[in-house]
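J.:
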Amino acid sequence: MLCLRLNSYSQQPAFENLKAISNPYLQFNDLIEYNGEMLFVTNEGIYKHISDQIKLVIKKENLARFIKVKSEIFVWSIYGEFYKLEKRSLIPLPFNKIVSKRLQNKIINSVVAHDNTFWISTVIGGGVVKINQDQEEVKTIELQGDYPYYVVEFGGQFLSGNNSNANQKQLAVDFNNEPFFISLAENLSSSKTNVLKLNDGSFIFTRQYEAIRFNNKKIINRVFAEKNIEKIYQSKDGKVWFALNNGGVVCFTDGKFNSSSSIRYLGNKTVISLTEDIKGNMWFGTSGSGIYRLNKTIKINYSTPKVFSTTNTVTEEFAGVSILSSLPISDSNSKVLRTDILKNDTIPPVVFVNNIKINGVDTSILNYYELNHNENTVELNISGVFGGKSELQYKYILEGKETKWNYTTNTNMYYTSLIPGNYTFKIVAMSDGGVWSKVPAVITFSITPPIYKSFWFLFAIIFLVIALLLLITFFSYRKAQRRKTLFEEGKKKVLLSELHALRSQMNPHFIFNTLSSIQSFITKNNSREAVNYLSKFSKLMRGTLENTQKQKIPIKDEIETLELYMDLEKLRLNNKFDYQIIIDREIDIQFEEIPPMLIQPYIENAIWHGISHKEGKGIIKICFILENENLLKCEIIDDGVGRKKASEIKNSQRHQEKNKSFGMSITKDRLEIINSLKDSKLNVNIIDLNNNNNTPSGTKIEIFIPLD
Amino acid sequence: MYKTIIVDDEKGCRDTLESLLQDFPEINIVATVNSIELAQEAIVQLQPHLIFLDIEMPGGTGFEMLEKLNTINFDIIFTTAYDQYAIKAIKYSALDYLLKPIDPTELEEAILRFSSKKHDQDLINDKFKTLLSNLGSENSHQKIAIPDGEGLSFVKIKDIIRFQSDGSYTYLHTLEGKKPILISKPIGDYQEMLTNEAFVRVHRSHLINLEHVEKYIKGEGGVAVMIDKSKVEISRRKKNDFIEALSSI
Chain G
1 MLCLRLNSYS QQPAFENLKA ISNPYLQFND LIEYNGEMLF VTNEGIYKHI SDQIKLVIKK
61 ENLARFIKVK SEIFVWSIYG EFYKLEKRSL IPLPFNKIVS KRLQNKIINS VVAHDNTFWI
121 STVIGGGVVK INQDQEEVKT IELQGDYPYY VVEFGGQFLS GNNSNANQKQ LAVDFNNEPF
181 FISLAENLSS SKTNVLKLND GSFIFTRQYE AIRFNNKKII NRVFAEKNIE KIYQSKDGKV
241 WFALNNGGVV CFTDGKFNSS SSIRYLGNKT VISLTEDIKG NMWFGTSGSG IYRLNKTIKI
301 NYSTPKVFST TNTVTEEFAG VSILSSLPIS DSNSKVLRTD ILKNDTIPPV VFVNNIKING
361 VDTSILNYYE LNHNENTVEL NISGVFGGKS ELQYKYILEG KETKWNYTTN TNMYYTSLIP
421 GNYTFKIVAM SDGGVWSKVP AVITFSITPP IYKSFWFLFA IIFLVIALLL LITFFSYRKA
481 QRRKTLFEEG KKKVLLSELH ALRSQMNPHF IFNTLSSIQS FITKNNSREA VNYLSKFSKL
541 MRGTLENTQK QKIPIKDEIE TLELYMDLEK LRLNNKFDYQ IIIDREIDIQ FEEIPPMLIQ
601 PYIENAIWHG ISHKEGKGII KICFILENEN LLKCEIIDDG VGRKKASEIK NSQRHQEKNK
661 SFGMSITKDR LEIINSLKDS KLNVNIIDLN NNNNTPSGTK IEIFIPLD
Chain F
1001 MYKTIIVDDE KGCRDTLESL LQDFPEINIV ATVNSIELAQ EAIVQLQPHL IFLDIEMPGG
1061 TGFEMLEKLN TINFDIIFTT AYDQYAIKAI KYSALDYLLK PIDPTELEEA ILRFSSKKHD
1121 QDLINDKFKT LLSNLGSENS HQKIAIPDGE GLSFVKIKDI IRFQSDGSYT YLHTLEGKKP
1181 ILISKPIGDY QEMLTNEAFV RVHRSHLINL EHVEKYIKGE GGVAVMIDKS KVEISRRKKN
1241 DFIEALSSI
């Protein structure tokens, strides 16, 4: 059991998110502890914290803050309607009508209460309305200009103010009719202001991201928060808390309100309200992120937690910005201004740039630098000169990169990875008296883009690309045109070559010699042979006629034609040769097709140049071999005299045999034309064959025919 | 003994055929005539079993003569020197023909076919009817004789979806009839016969009618989806031929 308890204790987080309702529009405008319970004012109504659940108890829109008077709790809306909180309901105060008439629906900035008297101030214009619950006394302090006004009363002192028309950067503060001016970093504008009296007697005034701590004599110090300050609070242990818009919470741990001892909580949530309960837990109300509680039981590394000592009662601690006292409230008139109080701080400081490092290298100080694209890390060191003793505040901006001034006390500015462009660095110093340097220190530099990003380079590239495209288009057009003409020419050539092929097959030598061979059968009265050869001859003629009409014929048809042709040549040459046709078993000769009449001229050649000059009988082998799936090889092998001897014979009998190789040269042309037209790879090899003692023993022709 | 008449206008052809037919004792040449008028007369008078009929003759073609006859109760072997159109029609009708000059071997085969077949009168008439209608009609309305198990079916070419080979047999898929017709002939015969029609041998096993290609699915060779939703693989090497042929119809 003990173990479990320890466990649960140690696991208790420092922060608990009490967001019970996942509503991104729910804004926790104010928190208050009442009879040991936490109550929350939201834009939807009043919520209550019950056993770590947050429940809507009263529904009402536009509620802004709680205000505690004695033991009673009042709630006011942003339009100045006041309600008394009873158990489960809100009872409107009778003076609501008067207030609304006076304020004319102006938005309320802050409310303080004393006994049963309320001081109501507006955000823009309007003024301050003082009214007691019994409506006995109603007083309106009219104000000029549309500027925020606030009224706060602290333990005997009344603080009110607005800007003066004469200098919008000054805050006029009235301490018991003693006007006091506070210089502001920026013009007063219609943004939320806070005033808080700290337990050491000093005050904090905040507006936007600027916070100024002062007492009735002088400014003590000044802090710039990272984001706009929504609300400020001092807890019992002396810590000062800033609730920030989009910036979580900043806690100044030693109460000295110094940025070096601050802690950030809650990331970049928008915290709009904060308070402390009786146990010392901090409560934070956010816009859209629910409620957070920072548990006191968990030790957070504070440097020296201060023991809170107070003469005030607990109830006085929870009345928002107001701390009630028994002293009377005096009115003020902001028009009474005196500007000669804080003389020391009226001399403007001077600021200048001490040192510039570019890419980490010290550089002589110039007003203008032209940097390369890789010289993009710039470090500046500045100095401020000022008559007073206190620390200077600086604001600086790098125009070209930043649009907002940065506030700092640091004297080093560091920029890295600057993109090409023109930059102007400006820095101004401000004394504690709020006097800015008259002239900013200015350094201008430009970083040139790399060559590949420059305009002319891009232009050149585009130009080149266009030129290239035009060239490609031109050439491909020309190529297409050329191919077109080639194709047309090729077609003509094909027709021509087919005609030639036809003529070679119908070679007059062949026709008439064959016919005379048949005639010899008739004269010898061998009519059977005559009829036989005649029908072969007619079939060959018929086949040739039909095949020449086609681009491709089945291998079977080509073989039939070759057989007829060789039979007839055999007849003419008196059976001087035999032939064999060998077909690869893999080839479907009916299905596979080849261009017609490619092979016949080579056979003719083999017969008349190889075999005819040979002594004795020759043989011609024709083989159809499937080289691979797409390639047919046709081999024509003769055992004739060989090419060399054949050409010798041919030269000696030139005039007679001139036309013999006609068919072959035509076939070669045809192969080339078919190849160029069809992108195919018809190819012919001629191989001289030799026998063992190296004498020629014939010729082998290889014709490669793609099957597609 | 078959009573045979030879009809040819050229004396040389008549004589050659007569002398070649001497070798066939079952053929009894009862008349040799040189015109269709004389042929008609001879046919009526002599009631022949077989006629060798030349197609191209002065005074009318052999086909015209046949049209004039009321009944055809004889077989015909056409003889022609060169007439592709007529030969195609004859082939479609499963009738016989010889090319001139006549090859003795082919003659012998033709006589053998004639003497070994049943002389079914109805079948002969069907064949002639088909022949005559083929001769008188557009390509696509022509019919082709398909030898099925029982005899011959005459199928309109335009109704043929595709042929598919199965060894030395061929299956014929038509628009009518859900069952394919089994033909006892190799697919190559039909490829040869139909080669000038819209038929392409797209694969070793497939001869398809391009008119009935519904869709082509790309692929290595691709697949043709036919009108009956059957898918026909296209041989990679025939892809170009197929696409070329398809785009030309």
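Those sequence lines, one after another, are chains G and F.
Heads up, the first sequence is in the numbering used here, so the first residue is 1 and it goes up one at a time.
Heads up, the second sequence is in the numbering used here, so the first residue is 1001 and it goes up one at a time.
Virtual Cβ for every residue (Gly too), placed ideally from N, Cα, C.
Are the beta-carbon atoms of PHE445 (chain G) and TYR368 (chain G) separated by less than 9 Å?
T.: Mapped onto the first sequence, residue 445 (chain G) falls at position 445. Mapped onto the first sequence, residue 368 (chain G) falls at position 368. Yes, these two residues count as a Cβ contact at 9 Å.
J.: Just checking ILE594 (chain G) against the ligand ZN - is the residue's beta carbon closer than 8 Å to any of the ligand's heavy atoms?
T.: No copy of the ligand ZN appears in this structure; indeed no ligand is present at all.
J.: Would you verify that the beta carbon of LYS570 (chain G) is, or is not, closer than 9 Å to some beta carbon of chain F?
T.: Here residue 570 (chain G) corresponds to residue number 570 of the first sequence, with the count starting at 1. Cβ-Cβ to chain F under 9 Å: no for LYS570 (chain G).
J.: Rounded to whole angstroms, what's the CA-CA distance from THR561 (chain G) to ILE607 (chain G)? Just pull it up for me.
T.: The residue labelled residue 561 (chain G) in the question sits at position 561 within the first sequence. The residue labelled residue 607 (chain G) in the question sits at position 607 within the first sequence. Distance between the alpha carbons of THR561 (chain G) and ILE607 (chain G) is about 16 Å.
J.: Distance check for PHE457 (chain G) and PHE1242 (chain F), CA to CA, integer angstroms please.
T.: Numbered from 1 along the second sequence, position 242 holds the residue referred to as residue 1242 (chain F). Numbered from 1 along the first sequence, position 457 holds the residue referred to as residue 457 (chain G). Approximately 52 Å between the Cα atoms of the pair.
J.: Only counting runs of 3 or more residues, tell me where the beta strand (DSSP E) segments fall wholly within the segment 1120-1197 of chain F, in order along the chain.
T.: 1143-1147, 1152-1156, 1160-1166, 1169-1174, 1181-1183
J.: Assign ASP1120 (chain F) to one of two classes, buried (16 or more other C-beta atoms within 10 Å of its C-beta) or exposed (fewer than that).
T.: Taking the first residue of the second sequence as position 1, residue 1120 (chain F) is located at position 120. Burial call: exposed.
J.: Under a CB-based cut-off of 9 Å, is THR1105 (chain F) close to chain G?
T.: Along the second sequence, read from residue 1 onward, the residue named residue 1105 (chain F) stands at position 105. It does; some Cβ of chain G falls within 9 Å.
J.: Does DSSP put THR1016 (chain F) in a helix, in a strand, or in coil?
T.: In the second sequence, residue 1016 (chain F) corresponds to position 16, counting from 1. THR1016 (chain F) sits in a helix when the DSSP states are folded into three classes.
J.: Compute the distance between the beta-carbons of ILE582 (chain G) and LYS645 (chain G), then report whether it is under 9 Å.
T.: For this step, residue 582 (chain G) is matched to residue 582 along the first sequence. For this step, residue 645 (chain G) is matched to residue 645 along the first sequence. No, they are not a contact pair.
J.: Between LEU540 (chain G) and ILE518 (chain G), which are expected to be in contact by the criterion C-beta below 8 Å, what is the C-beta distance as a whole number of angstroms?
T.: Mapped onto the first sequence, residue 540 (chain G) falls at position 540. Mapped onto the first sequence, residue 518 (chain G) falls at position 518. About 12 Å separates the two Cβ atoms, so there is no contact after all.
J.: By a C-beta neighbour count over all protein chains shown, 10 Å radius and 16 as the cutoff for buried, is GLY1151 (chain F) buried or exposed?
T.: By 1-based counting over the second sequence, the position of residue 1151 (chain F) is 151. With fewer than 16 Cβ atoms within 10 Å of its Cβ, GLY1151 (chain F) is classed as exposed.
J.: Counting only the same chain and skipping the five closest in sequence on each side, list residues whose C-beta sits under 8 Å from that of ASP710 (chain G).
T.: There is no way to answer for residue 710 (chain G), as the model of chain G reaches only from 1 to 708.
J.: Could you round the C-beta distance between LYS239 (chain G) and SER273 (chain G) to whole angstroms and report it? I think they count as a contact, below 8 Å.
T.: The count along the first sequence starts at 1 and reaches residue 239 (chain G) at position 239. The count along the first sequence starts at 1 and reaches residue 273 (chain G) at position 273. Not confirmed; about 17 Å, so no contact.
J.: So, with DSSP's three-state summary, where would you put ILE107 (chain G)?
T.: Indexing the first sequence from 1 puts residue 107 (chain G) at position 107. For ILE107 (chain G), the three-state secondary structure derived from DSSP is coil.
J.: Measuring straight from C-alpha to C-alpha, what distance separates ASN228 (chain G) and LYS395 (chain G)?
T.: One-based indexing of the first sequence puts residue 228 (chain G) at position 228. One-based indexing of the first sequence puts residue 395 (chain G) at position 395. Taking the straight line from one Cα to the other gives about 16 Å.
J.: Consider the Cβ of ALA531 (chain G): report whether some Cβ of chain F lies at a distance smaller than 9 Å.
T.: Here the question's residue 531 (chain G) lines up with position 531 in the first sequence. Sequence inspection shows Val at residue 531 (chain G); the Ala mentioned does not correspond to that position. Yes - at least one Cβ of chain F is within 9 Å of the one on VAL531 (chain G).
J.: List in chain order: all unbroken alpha helix (DSSP H) runs of 4+ residues lying wholly within the segment 575-655 of chain G.
T.: 600-605, 643-652
J.: Could you spell out the range, first to last residue, of the beta strand (DSSP E) harbouring LEU366 (chain G)?
T.: Mapped onto the first sequence, residue 366 (chain G) falls at position 366. No beta strand (DSSP E) holds LEU366 (chain G); DSSP gives it neither H nor E.
J.: Based on the DSSP secondary-structure assignment, which residues constitute the bridge partners of THR699 (chain G)?
T.: Your numbering for residue 699 (chain G) matches position 699 in the first sequence. DSSP lists G:ASP638, G:ASP688 as partners of THR699 (chain G).
J.: Roughly how many whole angstroms lie between the Cα atoms of GLY480 (chain G) and GLY1221 (chain F)?
T.: Counting from one through the first sequence, the residue named residue 480 (chain G) turns up at place 480. Counting from one through the second sequence, the residue named residue 1221 (chain F) turns up at place 221. For the sequence presented, residue 480 (chain G) should be read as Ala rather than Gly. If you take the alpha carbons of ALA480 (chain G) and GLY1221 (chain F), they lie about 27 Å apart.
J.: Write down every uninterrupted run of the alpha helix (DSSP H) in the segment 1059-1100 of chain F whose length is 4 residues or greater and which is fully enclosed by it, in chain order.
T.: You should have 1062-1068, 1084-1092.
J.: Which residues in the same chain as PHE95 (chain G) place their Cβ atom closer than 6 Å to its Cβ, once the five residues preceding and following it in sequence are excluded?
T.: Residue mapping note: residue 95 (chain G) aligns to position 95 of the first sequence, counting from 1. Contacts found: ILE131, GLN135.
J.: Can ILE788 (chain G) and PHE577 (chain G) be called in contact, C-beta distance under 9 Å?
T.: The structure shown does not extend to residue 788 (chain G), since chain G is modelled only from 1 through 708, so no value can be given for it.
J.: If the cut is a Cβ gap below 7 Å, which residues of chain G does PRO999 (chain F) touch?
T.: The first residue shown for chain F is 1001 and the last is 1249, placing residue 999 (chain F) beyond what the model contains.
J.: Would you identify the three-state DSSP class for LEU90 (chain G), choosing helix, strand or coil?
T.: To locate residue 90 (chain G), count along the first sequence from 1; it is residue 90. Strand at LEU90 (chain G).
J.: Determine the direct distance from the alpha carbon of ILE358 (chain G) to that of SER289 (chain G), and round the result to whole angstroms.
T.: Counting from one through the first sequence, the residue named residue 289 (chain G) turns up at place 289. Counting from one through the first sequence, the residue named residue 358 (chain G) turns up at place 358. In a straight line, the C-alpha of SER289 (chain G) is about 44 Å away from that of ILE358 (chain G).
J.: Would the segment 1131-1138 of chain F count as touching the segment 1078-1093 of chain F if we require 3 or more Cβ pairs under 8 Å?
T.: yes
J.: Measure the C-alpha to C-alpha separation of VAL442 (chain G) and THR411 (chain G) and round it to an integer number of angstroms.
T.: To locate residue 442 (chain G), count along the first sequence from 1; it is residue 442. To locate residue 411 (chain G), count along the first sequence from 1; it is residue 411. Roughly 15 Å separates the two Cα atoms.
J.: From this set, F:ILE1234, F:TYR1171, F:SER1035, F:GLN1047, which residue's C-alpha is nearest VAL1200 (chain F)'s C-alpha?
T.: Counting from 1 along the second sequence, the entry for residue 1200 (chain F) is found at position 200. Checked all of F:ILE1234, F:TYR1171, F:SER1035, F:GLN1047; the closest Cα to VAL1200 (chain F) is F:ILE1234.
J.: What in chain G is Cβ-close to GLY1188 (chain F), meaning under 7 Å?
T.: Position 188 of the second sequence, counting from 1, holds the residue named residue 1188 (chain F). Under the 7 Å cutoff, chain G gives GLN590.
J.: Grouping DSSP H, G and I as helix and E and B as strand, with all else coil, what is ARG1204 (chain F)?
T.: Looking up residue 1204 (chain F) in the second sequence gives position 204. It is coil, neither helix nor strand.
J.: On the three-state DSSP scale, how would you describe LYS1001 (chain F)?
T.: Working through the second sequence from its first residue, we reach residue 1001 (chain F) at position 1. With the sequence shown as reference, residue 1001 (chain F) is identified as Met, and Lys is not the correct amino acid for it. In the structure shown, MET1001 (chain F) sits in coil (DSSP, three-state: anything other than H, G, I, E or B).
J.: Given that ASN1209 (chain F) touches chain G, what residues does it touch there, using C-beta distances under 8 Å?
T.: If you number the second sequence from 1, residue 1209 (chain F) lands on position 209. Against chain G, a Cβ distance below 8 Å from ASN1209 (chain F) picks out nothing, because the smallest value is about 18 Å.
J.: List the endpoints of the continuous beta strand (DSSP E) containing LEU196 (chain G).
T.: Here residue 196 (chain G) refers to the residue found at position 196 when the first sequence is read from its first residue. Element bounds for LEU196 (chain G): 193-197.
J.: Would ILE555 (chain G) pass as a contact of ILE603 (chain G) if the rule is Cβ separation under 9 Å?
T.: In the first sequence, the residue the question calls residue 555 (chain G) occupies position 555. In the first sequence, the residue the question calls residue 603 (chain G) occupies position 603. No, the pair does not count as a contact, with Cβ atoms beyond the cut-off.
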